[in-house]
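Residue numbers (this note's numbering): 351 to 810.
Below: the structure, in structure tokens.
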């Protein structure tokens with residue numbers, strides 16, 4: 351979120367950044383609202399100042415036994431009190447309206463981010479590994495999984511609908527093994543550009559403020575799943591229970607209306623750990639990781655990746671989050687991207703890393719690297735990680751700050767987040783890259799210890 355004071359002093363730079371994002375300039379619209387709001391604040395300050403002065407004058411008038419003047423001043427104070435009350439309501443409404451406009455404006459891209467409209471304008475940074483050549487037509491992961499009898503989309507659809515899957519047996523264990531391998535790699539003692547992340551097990555349900563802090567609300571509410579529990583819902587359960595002649599299992603008198611959001615990624619709870627906190631600079635950088643289920647509505651993905659596990663409502667991911675100083679954030683961005691890439695290197699999976707253009711980067715990001723893994727079944731590179739540096743954009747929304755070492759100055763922290771990696775997509779990549787002509791799947795050596803020594807998955 352932007353500081354309106356900064357926009358006031360840097361209107362041209364602000365508009366130029368929006369233009370690079372493909373948006374219309376907004377500085378003058380925002381500054382007009384800001385000017386009107388400041389005028390109301392000035393009027394309130396003047397009214398409060400006059401009210402204080404008049405209150406003192408009342409005492410003097412009464413002391414001088416000038417009842418007429420005292421009555422006149424008391425009437426003025428009463429009028430000022432009403433005017434201030436109305437003005438405060440107006441001020442809150444104007445502030446809320448300005449904040450609402452600021453809340454949906456994306457972060458400014460850094461200068462090195464290439465201009466562009468979509469993924470076709472992204473810039474490849476490096477390519478690692480060479481895709482294997484098969485002497486048979488490679489299958490996609492869902493063909494392999496269903497043929498093995500270890501991937502069930504039909505049962506999942508009966509239970510939950512489209513974009514869900516049930517993994518069984520060795521595939522379920524392989525997914526768990528991949529996540530454990532990633533966590534062990536990321537939580538190992540810091541070694542140059544690797545490791546040093548502290549494992550967390552955060553909540554999967556978050557409040558509005560947390561989703562707002564990372565930029566998921568209010569603009570992307572449609573991408574989230576809500577877990578709202580209200581009295582109307584509970585009363586409906588009561589009615590259903592009555593028709594079935596059973597006791598209601600929820601007592602309306604014990605229900606508190608509340609709303610939570612299922613996390614779209616562990617970025618939300620991990621980043622919000624520092625919300626409304628002032629950290630010591632000595633504690634930075636703070637590196638965190640977590641393996642969690644993630645939930646996304648995929649509201650804008652109709653017709654895309656409808657088969658298989660590429661784009662699901664529920665998936666698991668190992669997330670990387672770093673809280674740091676402005677001076678360290680770009681170096682941390684490169685480090686985080688390297689940590690995510692290391693997973694693919696150790697699994698022997700070919701990949702490429704691309705720098706996203708202005709039209710393809712996320713809402714809160716200043717700069718993003720996408721890591722794309724090779725999927726032979728699709729004959730294409732597909733995203734498996736996004737690593738972003740957000741500057742102080744999220745920190746301002748969360749009021750997350752740090753105290754500069756050796757002084758009293760307090761600044762906003764910089765936040766970074768990245769996938770290290772998407773576990774389901776890594777499972778897909780392992781399946782497709784290590785598939786054999788008979789439909790079996792060889793387990794990468796790096797994962798065999800996590801699989802009890804199993805070397806190959808075959809149909810049982």
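No residue lacks a Cβ here, since even glycine has one placed at the ideal position from N, Cα and C.
Computed from a prediction, not measured in an experiment: that's the story for all the values here.
Neighbourhood of residue i by C-beta, 7 angstroms cutoff - its chain only, sequence neighbours within 5 removed
i: residue 553; result: 619
i: residue 771; result: 532, 668, 690, 693, 734 and 735
i: residue 407; result: 423
i: residue 680; result: 739
Alpha-carbon spacing of residue i relative to residue j, whole angstroms
i: residue 636; j: residue 623; result: 11 angstroms
i: residue 400; j: residue 432; result: 13 angstroms
i: residue 377; j: residue 383; result: 10 angstroms
i: residue 418; j: residue 438; result: 30 angstroms
i: residue 476; j: residue 441; result: 52 angstroms
i: residue 611; j: residue 450; result: 20 angstroms
i: residue 715; j: residue 435; result: 40 angstroms
i: residue 511; j: residue 472; result: 34 angstroms
i: residue 790; j: residue 697; result: 17 angstroms
i: residue 793; j: residue 526; result: 13 angstroms
i: residue 705; j: residue 514; result: 30 angstroms
i: residue 661; j: residue 774; result: 10 angstroms
i: residue 534; j: residue 559; result: 31 angstroms
i: residue 738; j: residue 491; result: 28 angstroms
i: residue 781; j: residue 762; result: 43 angstroms
i: residue 540; j: residue 546; result: 4 angstroms
i: residue 787; j: residue 702; result: 26 angstroms
i: residue 655; j: residue 750; result: 38 angstroms
i: residue 489; j: residue 537; result: 34 angstroms
i: residue 456; j: residue 632; result: 30 angstroms
i: residue 359; j: residue 352; result: 12 angstroms
i: residue 482; j: residue 664; result: 30 angstroms
i: residue 666; j: residue 613; result: 11 angstroms
i: residue 776; j: residue 550; result: 21 angstroms
Reduced DSSP secondary structure (H/G/I, E/B, other) of residue i
i: residue 547; result: coil
i: residue 612; result: strand
i: residue 502; result: strand
i: residue 845; result: No answer is possible for residue 845: it lies beyond the span of the chain, which begins at 351 and ends at 810.
i: residue 739; result: strand
i: residue 429; result: helix
i: residue 624; result: helix
i: residue 365; result: helix
i: residue 663; result: coil
i: residue 523; result: helix
i: residue 643; result: strand
i: residue 636; result: strand
i: residue 395; result: helix
i: residue 420; result: helix
i: residue 411; result: helix
i: residue 730; result: strand
i: residue 402; result: helix
i: residue 538; result: coil
i: residue 531; result: helix
i: residue 478; result: strand
Member of the options whose CA lies at the smallest distance from the CA of residue i
i: residue 468; options: 372, 476 and 434; result: 372
i: residue 398; options: 374, 428, 413 and 420; result: 428
i: residue 725; options: 712, 684, 661 and 700; result: 700
i: residue 548; options: 556, 634 and 565; result: 634
i: residue 452; options: 750, 375 and 557; result: 375
i: residue 445; options: 354, 710, 494 and 568; result: 354
i: residue 370; options: 804, 758 and 462; result: 462
i: residue 754; options: 645, 500 and 674; result: 674
i: residue 530; options: 465, 641 and 627; result: 641
i: residue 523; options: 501, 687, 711 and 628; result: 501
i: residue 485; options: 801, 785 and 804; result: 785
i: residue 645; options: 573, 521 and 542; result: 573
i: residue 609; options: 617, 576, 783 and 550; result: 576
i: residue 766; options: 732, 708, 722 and 712; result: 712
i: residue 448; options: 388, 410, 464 and 420; result: 388
Residues of its chain near residue i, where Cβ-Cβ distance is below 6 angstroms and the 5 sequence neighbours each way are ignored
i: residue 497; result: 789
Same chain, Cβ closer than 8 angstroms to residue i, five either side skipped, listed in chain order
i: residue 801; result: 520, 523, 524, 527 and 793
* Between the region 487-505 and the region 731-749, are three or more C-beta pairs nearer than 8 angstroms? -> No, the region 487-505 does not touch the region 731-749.
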